Every structure is written in C-alpha cells, then in structure tokens.
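Residue numbers (the working numbering): 9 to 255.
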Amino acid sequence: MAGRLKGKVAVVTAAGQGIGRAIAESFVAEGATVWATDLDVSKLDGIKRAERRKLDVMKTKAVDAFAEKVGGIDVLVNVAGFVHHGSVLECSDEDWDFSFDLNVKSMHRMIRAFLPGMVARGGGAIVNMSSGASSLKGTPKRHVYGATKAAVIGLTKAVAADFIKDKIRCNAICPGTVRSPSWDARVQKLGKEMGGYEKALEWFLSRQPSGRIAEAEEVAAMAVYLASDESAFVTGAEFKIDGGWTL
9 MAGRLKGKVA
19 VVTAAGQGIG
29 RAIAESFVAE
39 GATVWATDLD
49 VSKLDGIKRA
59 ERRKLDVMKT
69 KAVDAFAEKV
79 GGIDVLVNVA
89 GFVHHGSVLE
99 CSDEDWDFSF
109 DLNVKSMHRM
119 IRAFLPGMVA
129 RGGGAIVNMS
139 SGASSLKGTP
149 KRHVYGATKA
159 AVIGLTKAVA
169 ADFIKDKIRC
179 NAICPGTVRS
189 PSWDARVQKL
199 GKEMGGYEKA
209 LEWFLSRQPS
219 GRIAEAEEVA
229 AMAVYLASDE
239 SAFVTGAEFK
249 IDGGWTL
C-alpha cells in the first residue's frame with residue numbers, strides 16, 4: 009500500500025545510517041515529506057527526495073532552532089542513540105551522563121520542541137527507538153544502555169498519557185540486534201577483546217533464538233505503521249522486533 013504517509017511531514021533523527029536511514033527512506037517511499045537529520049550531514053548523502061540537515065540533538069538551542077525552521081509536523085521519529093558496552097563496574101560517570109543525554113534527553117528535547125506544533129495541527133505520531141535491552145530484558149554488558157532504553161519506554165508512556173486528548177500518539181519500538189554500520193563497528197571492537205571478529209559475531213548470534221540478525225528495513229516497516237493512520241488506535245505501547253530474543 010504505497011502512499012500510506014502521503015501528505016504527512018516527518019522528522020527523523022540519526023537518519024544517516026542503519027535504522028534511521030531505513031526509516032527515512034521508507035517514509036519517502038510512502039509519500040511523506042521527510043526532514044532527515046544527522047550530526048554528520050555527509051551520511052545523509054543519497055537519501056532521495058528528503059530535506060537533509062545537520063542536527064546535534066544534544067544541544068537544546070540547535071533543536072529549538074531546527075523546530076522553528078521546520079514548523080509544524082505530523083510525525084517525529086527519535087532514533088539517535090549510543091550503545092555503551094560494559095557492566096556497572098565499567099561505566100564511568102561520564103559514560104552514564106553521555107548515554108542518558110544522547111539516548112533519553114535528546115528525545116525529551118525533540119518532543120518538547122515539536123509537540124506544540126503537532127498539537128496545533130490536530131494531532132500526530134511520535135515514534136521513539138527503545139530496545140529489547142531495557143525494562144523488557146536484562147542484558148549482559150548493557151548496564152547504562154539498558155537503563156536509558158528503559159527510560160525511553162517510561163518517557164513514551166508519559167507523553168502518550170499526557171497528550172492523548174490532543175490526538176498525539178506516542179509509541180516505542182524495541183528492536184533486538186539489528187544489522188547496521190554501528191552494530192558492525194561494535195562487533196569489530198568486541199572482536200579485538202575476544203580474539204577475532206568471527207568469535208564476536210558468534211557471541212551476538214548465540215543470543216538470537218531466530219538464528220539471525222534483523223535488517224533495518226524490518227524495523228522501518230514498524231515505524232511506517234506507527235506513523236500512519238493505520239495505527240490510529242495505538243498509543244503508549246512498546247513493539248518488540250527481536251526474533252524472540254526477549255521471550
């Protein structure tokens with residue numbers, strides 16, 4: 009059903025690669041006017057028929073200025089995030105603060121900046137990227153990451169509860185392991201600790217009941233549904249796309 013987002017204006021963060029890029033490209037294919045943003049604007053090259061802009065979601069002034077420039081939107085997709093690898097004993101105060109600022113506070117900034125315009129337009133959809141490693145599942149070496157993604161689920165439900173009467177829907181997607189440049193970089197880094205890339209890859213695959221890693225396009229398909237009018241009765245929910253990982 010091409011055109012499910014026809015006439016909608018959407019903003020997607022971290023659209024330069026991986027899940028964010030797949031979402032931006034899927035939204036364009038479904039007819040949306042897309043503002044694709046990334047801290048590294050060069051990563052946005054090749055996203056056709058989208059407005060490509062640099063955006064540092066960790067800077068409130070930059071977010072507010074960008075929201076003022078874009079104006080009213082119908083869909084906001086918060087993807088920007090960072091995966092810290094380590095237990096509580098391997099997480100410094102700086103690691104903790106950075107992870108919460110990028111993974112959680114950035115969503116707070118974006119929603120606060122764009123939500124008034126969405127309300128003024130008569131409603132809209134917010135999609136926040138959480139993770140299976142969150143309140144859904146305790147995961148080894150994901151101490152602060154899991155804490156941030158649990159917070160994203162709480163933030164999502166709070167926004168949904170506060171603005172349901174304004175026809176604002178807010179939902180979270182909770183992927184398992186997804187193939188992306190950032191994931192591959194984590195495998196490369198872990199491989200140096202485990203004695204090789206293949207051993208690190210085997211470690212990731214050993215956690216997957218389905219026996220494979222998800223593709224970014226599979227997550228994007230859920231984002232399209234949550235951004236479209238097909239999900240008009242869906243809010244405050246978390247959607248697992250993890251091949252049974254959290255079972």
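No residue lacks a Cβ here, since even glycine has one placed at the ideal position from N, Cα and C.
None of these values were measured; they are calculated from a predicted model.
(request) Examine chain B for any beta-carbon lying closer than 7 angstroms to the beta-carbon of R120, and answer yes or no. (result) Reference to chain B is not applicable here, since this structure consists of a single protein chain.
(message) Please report the distance separating the alpha-carbon of A121 from that of D72.
(response) Taken atom to atom, the span from the alpha-carbon of A121 to that of D72 is near 6 angstroms.
(message) Just verifying my parser: in three-state terms, what is the DSSP assignment at F171?
(response) Here F171 sits in helix by DSSP.
(request) Can you give me the Cβ contacts of N179 inside the same chain, cut-off strictly under 8 angstroms, excluding the 5 residues immediately before and after it? (result) Here the set comprises A133, I134, V135, N136, T164, A168, L234, S239, V242, T243, G244, A245, E246 and F247.
(request) Specify the secondary structure class of P189 as computed by DSSP and reduced to three states. (result) If DSSP states are grouped into helix, strand and coil, P189 belongs with the helices.
(request) Have a look at the DSSP bridge pairing and note the partners of E59. (result) Beta bridge pairing from DSSP links E59 with W43.
(message) Taking a contact to mean a Cβ-Cβ separation below 7 angstroms, would you say V42 touches A70 in this structure?
(response) Not closer than 7 angstroms, so no.
(message) Going by DSSP in three states, M66 sits in which element: helix, strand or coil?
(response) Assigned with DSSP and collapsed to three states, M66 falls in coil, not helix or strand.
(request) Say whether the region 213-220 touches the region 152-159, bearing in mind that this needs 3 or more beta-carbon pairs closer than 8 angstroms, one atom from each stretch. (result) Note that the region 213-220 does not touch the region 152-159; fewer than 3 beta-carbon pairs, one per stretch, sit closer than 8 angstroms.
(request) Would you give the residue range spanned by the beta strand (DSSP E) that F247 belongs to? (result) Run containing F247: E246 to I249, per the beta strand (DSSP E) assignment.
(request) Report the residue ranges of all alpha helix (DSSP H) runs contained in full by the region 214-240; include only those spanning at least 4 residues, in chain order. (result) Taken in chain order, the unbroken stretches of alpha helix (DSSP H) that lie wholly in the region 214-240 and span 4 residues or more are 224-235.
(message) Within a Cβ cutoff of 6 angstroms, which residues of the same chain sit near M9, ignoring the five residues on either side of it in sequence?
(response) Model confidence at M9 stands at a pLDDT of 46, short of 50, so the residue's coordinates are unreliable and nothing is read from them.
(message) According to DSSP, is G154 part of a helix, a strand, or is it coil?
(response) Here G154 sits in helix by DSSP.
(message) I'd like the ranges of any beta strand (DSSP E) spanning at least 3 consecutive residues and lying wholly in the region 102-139.
(response) If one requires a minimum length of 3 residues, the beta strand (DSSP E) runs lying completely within the region 102-139 are 132-137, in chain order.
(request) For I81, write down the residues that DSSP places opposite it in a beta bridge. (result) Looking at the DSSP assignment, I81 forms no beta bridge with any residue, so it has no partner.
(message) Distance check for H93 and S151, CA to CA, integer angstroms please.
(response) Contrary to the premise, residue 151 reads as His rather than Ser in this sequence. For H151 and H93, the distance between alpha carbons rounds to 8 angstroms.
(request) Can you tell me which of S50, M66, D53 and I31 puts its alpha carbon nearest to the alpha carbon of F90? (result) Of the candidates S50, M66, D53 and I31, the one whose C-alpha sits nearest the C-alpha of F90 is M66.
(message) Going by beta-carbon coordinates alone, are E38 and R12 separated by less than 7 angstroms?
(response) Cβ atoms of E38 and R12: closer than 7 angstroms.
(request) Work out the CA separation of I161 and R117 for me, nearest whole Å. (result) Distance between the alpha carbons of R117 and I161 is about 16 angstroms.
(message) For P183, count the other beta carbons within 10 Å of its own beta carbon; 16 or more makes it buried, fewer makes it exposed. Which is it?
(response) Result: buried.
(request) For D48, I'd like the list of residues in its chain whose CB is within less than 7 angstroms of its CB, leaving aside the five on either flank, ordered along the chain. (result) Annotation for D48: G24 place their beta carbon closer than 7 angstroms to its own, counting only its chain and skipping 5 residues before and after.
(message) Comparing C-alpha positions only, which one of P148, W253, L84 and L198 sits nearest to V232?
(response) Measuring from the Cα of V232, the nearest candidate turns out to be L84.
(request) Give a yes or no on whether the C-beta atoms belonging to A88 and S107 are separated by under 7 angstroms. (result) Remark: C-beta atoms of A88 and S107 do not approach each other more closely than 7 angstroms.
(request) Hey, could you find the ends of the beta strand (DSSP E) A180 is sitting in? (result) Per DSSP, A180 belongs to the beta strand (DSSP E) from I176 to P183.
(message) Quick check: A22 and A44, are their CB atoms within less than 7 angstroms of each other?
(response) At least 7 angstroms separates the beta-carbon of A22 from that of A44.
(message) What does the alpha-carbon distance come out to for the pair V78 and W253?
(response) Looking at the two C-alpha atoms, the distance is approximately 38 angstroms.
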